[in-house]
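Adding 31 to a residue's 1-based position in the sequence shown gives its number in this note's numbering.
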Amino acid sequence: MLRAYESETIDLHADIKVRITNADNGTFLEDTTVGRVLVWRITPIEVGLIM
32 MLRAYESETI DLHADIKVRI TNADNGTFLE DTTVGRVLVW RITPIEVGLI
82 M
């Protein structure tokens with residue numbers, strides 16, 4: 032996703048699916064946007080974000 036964004040193949044508002052892994056439910060796919068993923072990357076876990 033990051034390479035596609037940096038090469039301007041997709042934009043911030045593009046809908047994507049992201050694989051999320053957590054201790055409770057294992058792995059699942061989440062519908063989101065490129066912009067949200069970029070925000071999640073810089074936000075500390077302690078702050079937490081609502082998907």
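Quick reminder that beta carbons are idealized off the backbone N, C-alpha and C, glycines included. Nothing here was measured: the structure is a model prediction, and the numbers come from that model.
Here Glu-37 carries a helix assignment [DSSP, helix/strand/coil].
Of all alpha-carbon atoms in Arg-50, Thr-74 and Ala-54, the one lying nearest the alpha-carbon of Thr-63 is that of Arg-50. Note on Val-65: 16 or more other CB atoms within 10 angstroms of its CB, so buried under the neighbour-count rule.
Linking Leu-43 to Thr-58 through their CA atoms gives a straight-line distance of about 24 Å. For Leu-60, the secondary structure class from DSSP, reduced to helix, strand or coil, is strand.
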